[in-house]
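J.: Quick one: the structure is below, and I'll ask about it shortly.
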Amino acid sequence: LLEKFRTSSFDVIAKKIKAMSPSFEACISNFCDPASLSPSFGVWRDLLDADIGIYGCFGIHPHQAKNYSDSVEERIIECLSHEKALAWGECGLDFH
């Protein structure tokens, strides 16, 4: 969602999602960059806590695999404890 809307502002994302379509019910956002999982930078919790039908999938994209560590895994596990977290997995295909 952050890439699609080219913003890091939760308010901008929420407004755009609500304006997308009156029939919008829910979507799953892939959080696959270690920075997006950070408690100080990531907005994943704000998005999942909002009452706008966003659920989450957490993992590390192959391009970020070199950054995978025990602390990143701990953050993923923490994210998965959220009631709107649906999956843990590699989120992306590496075609390079």
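In terms of my numbering, the sequence shown opens at residue -8 and continues consecutively.
Every residue, glycine too, gets a C-beta built ideally from N, C-alpha and C.
(1) Would you report the Cα separation of Ser62 and Phe22, rounded to the nearest angstrom?
(2) Run through DSSP, which three-state label would Ser27 get?
(3) Could you check what DSSP says for Glu20 in three-state terms: helix, strand or coil?
(4) Taking the continuous alpha helix (DSSP H) assigned at Ile51, which residues delimit it?
(5) Note down, in chain order, each residue of its chain lying with its Cβ closer than 8 Å to the Cβ of Lys9, except the 5 sequence neighbours on either side.
(6) Quick check on DSSP: helix, strand or coil for Ile43?
(7) Rounded to whole angstroms, what is the Cα-Cα separation between Lys6 and Leu38?
(8) Quick check: what's the CA-CA separation for Ser41 versus Glu69?
T.: For this structure:
(1) One C-alpha to the other measures close to 16 Å.
(2) Residue state, collapsed to three classes: helix.
(3) Before going on, a small fix: residue 20 reads as Ser here, not Glu. If DSSP states are grouped into helix, strand and coil, Ser20 belongs with the strands.
(4) Run containing Ile51: none; DSSP gives neither H nor E here.
(5) Sequence-distant partners of Lys9 (beyond 5 residues in either direction) whose C-beta falls short of 8 Å from its own C-beta, in its chain, are Phe15, Ile43.
(6) Residue state, collapsed to three classes: coil.
(7) Lys6 and Leu38: Cα-Cα distance of roughly 12 Å.
(8) This sequence places Ala at residue 41; Ser is not what is there. C-alpha of Ala41 to C-alpha of Glu69: approximately 18 Å in a straight line.
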